[in-house]
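A.B. asks:
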């Protein structure tokens, strides 16, 4: 009997360990930054809705800060005529546009009905940005959820769409003023009106008769180093975390194939190729994304 009881105990323990964990609620991970009345969830709490109307938008942020890791969320963007509307999904060292912030941006720029959505990405270090790239997408991001992710370690930052790398931002092997790797960041998302610049350089204004504009979220995932003062041990590349090991310092062979296709077909703007704006190109433009 003792042997049979022990076997049953082990089986029960294994089932408990290996069973799917319940999904964390929004409140477990995030706090509303502003306009809580413009935020809603599905009945089960697993889908989240941010609303924009003429009065205000809405935003949320993680309760924790991280330094390095893999950060991922599924989004479905505003459908129909969304000119002037920006859905921002980004990481930042602070809640606000402070003069010394570090930041990693996805910005989804709204459009007139029938025109393609554009993704703008940007990187800030100590308050300096101006490192914009813009891409088209190979699907309609308003029809279904798609996954948008950031890989961040001390060697590279990679922006992914459905696990396809669309932008690679490399670090150098010397101290520099362009790669953000020293400060921990929160993850944020927001929806707001930016019709002074977002659609055709501000020529297309937000049509408030179409409001409210709604961006939809689910399945936030993070595998990262949660910040602990004064300096968490997990930021070291000697750790066992996959996102900070040698294999994650470079694109894989398959990722390079996908990235080459993106470079050929989807890039709309690259600041590293804008000699008019930058007569002397920023120094990180000389770093190869393929290395």
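Residue numbers (mature numbering (1 follows the signal peptide of the UniProt record, and there is no 0)): -20 to -1, 1 to 271. The beta carbon of each residue, even a glycine, is placed where N, CA and C say it ideally should be.
1) Sort 115, 165, 54 by Cα distance to residue 127 and report the nearest one.
2) By the three-class DSSP mapping on this structure, what secondary structure does residue 172 have?
3) Tell me which same chain residues have a C-beta within less than 8 Å of the C-beta of residue 120, skipping the five on either side of it?
4) Report the partner residues of residue 201 according to the DSSP bridge assignment.
5) Would you please state the rounded distance, in angstroms, between the beta carbons of residue 90 and residue 178? I believe it to be under 8 Å.
6) Let's test the definition: count the other Cβ atoms within 10 Å of the Cβ of residue 266 and tell me whether it reaches 16, buried, or not, exposed.
7) Residue 191 lies in the beta strand (DSSP E); which residues open and close that run?
8) In terms of residues, what are the limits of the alpha helix (DSSP H) holding residue 239?
9) Residue 6 to residue 24, Cα distance in whole Å?
10) Kindly identify the DSSP beta-bridge partner or partners of residue 261.
11) Going by DSSP in three states, residue 95 sits in which element: helix, strand or coil?
12) Can you give me the Cβ contacts of residue 160 inside the same chain, cut-off strictly under 6 Å, excluding the 5 residues immediately before and after it?
13) Just curious, the alpha helix (DSSP H) that residue 87 is in, first and last residue?
C.D. replies: If we stick to the structure as given:
1) That would be 54, whose Cα lies nearest to the Cα of residue 127.
2) Strand at residue 172.
3) Hits under 8 Å: 97.
4) 52
5) The pair is a contact, with the Cβ atoms about 6 Å apart (cut-off 8 Å).
6) exposed
7) Residue 191 -> no beta strand (DSSP E), and no H or E assigned at all.
8) 233 to 245
9) 11 Å
10) Bridge partners of residue 261: none, in fact.
11) Coil, per DSSP.
12) Result list for residue 160: 82, 105, in chain order.
13) Note, residue 87: premise wrong, no alpha helix (DSSP H); beta strand (DSSP E) at 83 to 89.
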